[in-house]
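To start, the structure under review is shown below, and the notes come after it.
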Ligand SMILES: Nc1ncnc2c1ncn2[C@@H]1O[C@H](COP(=O)(O)OP(=O)(O)OP(=O)(O)O)[C@@H](O)[C@H]1O
Ligand SMILES: [Mg+2]
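Protein chains in written order, with the numbering used here: chain A, 11 to 604; chain B, 1446 to 1912.
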């Protein structure tokens, strides 16, 4: 391994003189604590030596000229293996677990706990394997005790290797770093494989083929699934000022969406939020498998007070882990909260390296980097021929809630789904505070057929109708500002009433309401259909002479406004009763024909 | 080369703004503390900002005026800037860099802690959920404070934020409930005035003294007349003291820091003097991360008795909540209590602007087993109704109340009553009193307007006795 000697250091950047060769983005360990860093610049010196510039991911207190650093020979990499699920890591995928001695984080390397996993070979000696193909399975403790095979993970041949199996370990418990399989290439070169392998975070993992995205990633949130749905393999962004509900929304999706694995990336946000996730998720049950939600999660935490450069790397760490699970044929969703903090880290690192600042002080390559990140969302055929997907959902925290700032605008260019949070709604404690007028989903058209085949043939029309009514509402409210509400004709007042019902009875959905935090597609269909029917019936009733005042005072409206939180998943038949009551109430006053 | 913990004279080659360059004749490490002693005998705190083969760059954290190239001595500490702490800090007064200024004896050192603090491992944090009753209805019912939270007050020049902060500090107590008995851990206050006028500092000192709480308080004062570079250190010294009290002595510590706006101004000034590229409104691009390293020091640890709760105060320049200072703060803290000038003008005290206020940790500390099972619903309904009242008020301002529907007129009255009877208060209220006031206000509204309440809540609180 190549070494170098520090001759200049300031903050998290250092320069060192090397006599052997380094490469750009090579990972290095610095000083006797083994601080992690990355080579960002190389320069040849007149005497044949090199000057390397290194960006450190950790606090550099105490370093000095003369200290040594060591190249790792490879770009910044993370170890991908069976020990990830259910755990929490820092931005460089180092475990944060530990006892009281780790109450506070100290910089430098700390020993990885050596974990052992139950290993089951899937191939025999003589088998020919390509990169990305599984050679063994690992059953995690939870799978062992429950027999639930969803929790079985595959050990894959690293993507760039292939060959004939010339040795493979017997079933048993092994450390994930121990050699358990040997491959021989046709040229006679051999490679030993362990259950884990390393992968450079900034390099996307290869796939056999990219496929068109879909079906929907169901979130259980009505405003998303019905109005602004995202497809598996798609990408969405959640911009919003402070306190408008980005974190709660991402956490809610992490809890209830129908992905196999969730990567939750706390990027430059609060420590207490991470503690909240760790406190809550192990006690929540996955509605599909009945297992603790934590078992399908990987949490990556680089809180706002942790070193900034590691924050920049953490987003790549997260998406690399996501791809690793995708390559096992799983559907993965990654939540990144918040990509703005990542962009700021990029800006800070760039500034320190003396690069020319562009718009908003961000480096000119901000846009490319965002594109690179979001391009890693995909539905794919894996190297081993399975289907898998990575869906990316990133929060954006625009300064002063100004959506015209660079991170929001550039992100908008690369995502297909835009879930804008509205401060006014948040102030009224109307959650999720997604603004139906400025948000959009480019995946919706693609996904309509899925809903049509699943119990709601009118999904697309109902969706359109809801959006039109909400649009109409804002126009009529502006008119009411001039004329007074009473001056509007009854049909227009009905539009306002319908909009209120859609908002209160359908879009509002508290993440903390026991019966309503998650809505199945069946429940969503029922609710959508009731509201759709209400509009028809009320229009007819008004045409037949019923007054808007009469409709507004129907006690039934309260039932419709509260149907989400009052009717649970096991009692969907109550919607039929509600529907019948509604038909009756709106027919009652009729006929009042002349 | 000589090892550190020594001093160096006549090695200085250049002084430029806050930076001092000297020959590296001593083996020092990055970020280590130094004292730069001028020929005036005055010691200024600094840290090693950069090192190369020949030179060291020292960032001087206090005023450089009076320093010269010759006759200036640098003393090396061989450790990052640290604070000597001990049980004796309560009842004492310090300047912004932890020097005793009340004329008393020095502090007997029990622990030496670096003022930058260490990063709390998120995995070892304890989720904050102990409800603190402050006596203020808009906080207790609508934006509850819990132990380990960082909840700033967003205020404006001339608004009564100091009075509010001191009332909260003196009244704050845990509610007795079955599951959450008041723990035996003692209580302490750390107060840091950053760039505050003498009168403000005096106001706090006197209020604490009169209530008998001064003995439980460590006071840090960086007055408006003190150097602005020192302002950057003051909250760090104060928070280090608070961490000592919370995590070494196991106390429940409430930290009040005022005024963060002065801190940010100093940050901007120092950044400019370093020739850094300015960001929004001239504040440095790293202001978010810098503030985060301070605010994130609130919290509590699993298996440890103490907690550290922060109540920072900042004044929003031109009452603008989108100004970078409140904006970045809001992105870091766990909510905010916003004060509103027009309520203040209407004689409402405390003038809490309810809609833009928020407590994110509230949901974990209220409800069944914590405060009252119906507390969350009440808070939600009050918010929803008041937001609607404000909307109707806007409409009424344009079209007059004649253009309103009867329900809208009721909303209008509700809004007024809410401000006069719920937001406004003459004395501290218990949570039960505050909640009762809230229910009684909701009784004025038609049932169809109360969609956040369930039928049982309507039957119990809104229409008792009705069928
Ligand atoms: N879907 C929801 N259901 C119920 N409450 C919500 C919901 N979304 C947000 N809230 C409330 O709003 C508060 C703020 O939300 P959150 O912390 O998600 O904001 P944020 O956008 O992430 O802010 P920041 O940018 O400062 O991190 C939460 O603490 C919660 O009380
Ligand atoms: Mg958030």
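Ideal Cβ placement from N, Cα and C applies to all residues, glycine included.
Item, Value
"Contact set between the region 1817-1839 of chain B and chain A, restricted to residues whose Cβ is under 7 angstroms from the partner", "1825, 1828, 1829, 1832"
"Near ligand 2: residue 1774 (chain B) beta-carbon under 8 angstroms from a heavy atom", "no"
"Residues sharing a beta bridge with residue 450 (chain A), DSSP", "A:428"
"Any residue whose CB is nearer than 6 angstroms to a heavy atom belonging to ligand 2, listed in chain order", "A:256, A:257, A:279, A:347"
"Residue-level contact to chain A via CB, residue 1720 (chain B), 9 angstroms cutoff", "no"
"Bridge partners - residue 1519 (chain B), DSSP secondary structure assignment", "B:1453, B:1481"
"For residue 270 (chain A), the three-state DSSP class (helix, strand or coil)", "coil"
"Any chain B beta carbon closer than 9 angstroms to residue 597 (chain A)", "no"
"Bounding residues of the alpha helix (DSSP H) (the contiguous stretch that carries residue 1741 (chain B))", "Where residue 1741 (chain B) is concerned, there is no enclosing alpha helix (DSSP H), given that its DSSP letter is neither H nor E."
"Residues that residue 1575 (chain B) contacts on chain A, provided the C-beta gap is smaller than 8 angstroms", "The contacting residues do not exist; residue 1575 (chain B) stays about 13 angstroms from chain A at best."
"Candidates A:227, A:421, A:371: closest to residue 1722 (chain B) by CA position", "A:371"
"Interface flag, residue 1468 (chain B) vs chain A, CB-CB below 9 angstroms", "no"
"Exposed unless 16 or more other CB atoms sit within 10 angstroms - verdict on residue 202 (chain A)", "exposed"
"Check: residue 1572 (chain B) C-beta below 8 angstroms from any heavy atom of ligand 1", "no"
"Nearest-angstrom Cβ-Cβ length linking residue 1464 (chain B) and residue 1496 (chain B), presumed shorter than 8 angstroms", "Actually they do not touch by this definition, with Cβ atoms about 13 angstroms apart."
"Distance between beta carbons of residue 1894 (chain B) and residue 1830 (chain B), contact taken as under 8 angstroms", "7 angstroms"
"Any non-hydrogen atom of ligand 1 within 8 angstroms of residue 252 (chain A) CB", "yes"
"Distance, residue 28 (chain A) Cα to residue 1446 (chain B) Cα", "The pLDDT assigned to residue 1446 (chain B) is 44, lower than 50, so where the model puts this residue is not dependable; a value taken from the coordinates is nonetheless given after this. Going from the Cα of residue 1446 (chain B) to the Cα of residue 28 (chain A) covers about 23 angstroms."
"Residue 1808 (chain B) beta carbon near ligand 1 (any heavy atom closer than 8 angstroms)", "yes"
"Nearest candidate by alpha-carbon position, reference residue 1521 (chain B), set B:1472, B:1719, B:1691, B:1563", "B:1472"
"Interface positions of the region 1737-1757 of chain B facing chain A (Cβ-Cβ less than 7 angstroms), listed along the chain", "1737, 1738, 1741, 1744, 1746, 1748"
"Cβ shell of residue 283 (chain A) (< 7 angstroms), same chain only, five flanking positions each side left out", "257, 276"
"Ligand 1 heavy atom lying under 8 angstroms from the CB of residue 1645 (chain B)", "no"
"Residue 442 (chain A) Cβ short of 8 angstroms to ligand 1 heavy atom set", "yes"
"The region 209-219 of chain A in contact with the region 380-397 of chain A per 3-pair CB rule at 8 angstroms", "yes"
"C-beta neighbour in chain A for residue 1683 (chain B), strict 9 angstroms", "no"
"Nearest-angstrom Cβ-Cβ length linking residue 239 (chain A) and residue 457 (chain A), presumed shorter than 8 angstroms", "5 angstroms"
"Among A:290, A:187, A:176, A:389, nearest to residue 227 (chain A) - alpha-carbon criterion", "A:389"
"Cβ-based neighbour list, residue 1811 (chain B), same chain, cut-off 7 angstroms, excluding 5 preceding and 5 following", "1576, 1589, 1820, 1821"
"Closer than 8 angstroms: residue 283 (chain A) CB and nearest ligand 1 heavy atom", "yes"
"Residue 522 (chain A): CB within 8 angstroms of a non-hydrogen atom of ligand 1", "yes"
"Burial state of residue 293 (chain A) (16 or more Cβ within 10 Å)", "exposed"
"Residue 528 (chain A) in three-state terms, based on DSSP", "coil"
"Interface partners of residue 1495 (chain B) on chain A, CB under 9 angstroms", "18, 19, 20, 21"
"Cα-Cα separation, residue 1662 (chain B) to residue 1634 (chain B)", "5 angstroms"
"CB-CB length for residue 1596 (chain B) against residue 1778 (chain B), believed under 8 angstroms", "6 angstroms"
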